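Novice: One structure, pasted below without further comment.
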Amino acid sequence: MSSKERPTLGGTRIKTRKRNIAAPLDPAAFSDAVVQIYLDNAGDLELIAKSIESSDLNFSRYGDTFFEASFLHQQKNFSLLIFYF
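Every letter in the sequence shown is one number past the one before it in UniProt numbering, and letter 6, counting from 1, is 6.
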């Protein structure tokens with residue numbers, strides 16, 4: 001085997017790869033965004049569906065939170081309707 005040093009380029013930096021960078025989980029902000037979409041569209045399900053499809057929310061990461069936010073928000077509105085009657 002050769003004991004010579006390998007040639008290097010002068011003045012260059014070796015860049016490290018930036019993989020495995022994990023974004024922190026923030027289910028509260030996601031839930032607030034889903035509820036805000038609902039409130040902005042005044043309960044019209046077609047507009048809500050279009051807004052959710054066009055949003056950049058990460059549903060694969062926050063699927064459970066999406067279900068909880070939409071289900072609990074519907075339950076809250078339903079209980080308010082019962083309370084008013």
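Quick reminder that beta carbons are idealized off the backbone N, C-alpha and C, glycines included. Source: prediction; values computed, not measured.
I'd like to check one pair, Ala33 with Ser55: are the Cβ atoms closer than 9 Å?
Specialist: Taking 9 Å as the Cβ cut-off, Ser55 and Ala33 qualify as a contacting pair.
Novice: Can you have a look at Thr8 and say buried or exposed, based on whether 16 or more other CB atoms are within 10 angstroms of its CB?
Specialist: Thr8 should be labelled exposed.
Novice: Compute the Euclidean distance between the alpha carbons of Ala42 and Lys50, then round it to the nearest angstrom.
Specialist: About 13 Å.
Novice: Suppose only complete runs of 3+ residues qualify. What are the beta strand (DSSP E) ranges in the UniProt domain "5MP1/2-like HEAT" (14-68), listed by chain order?
Specialist: Entirely contained in the UniProt domain "5MP1/2-like HEAT" (14-68), not one beta strand (DSSP E) run reaches 3 residues.
Novice: Compute the Euclidean distance between the alpha carbons of Glu68 and Arg19, then round it to the nearest angstrom.
Specialist: Cα to Cα, Glu68 sits roughly 31 Å from Arg19.
Novice: Tell me the rounded alpha-carbon separation between Pro27 and Ser3.
Specialist: The alpha-carbon atoms of Pro27 and Ser3 are separated by roughly 56 Å.
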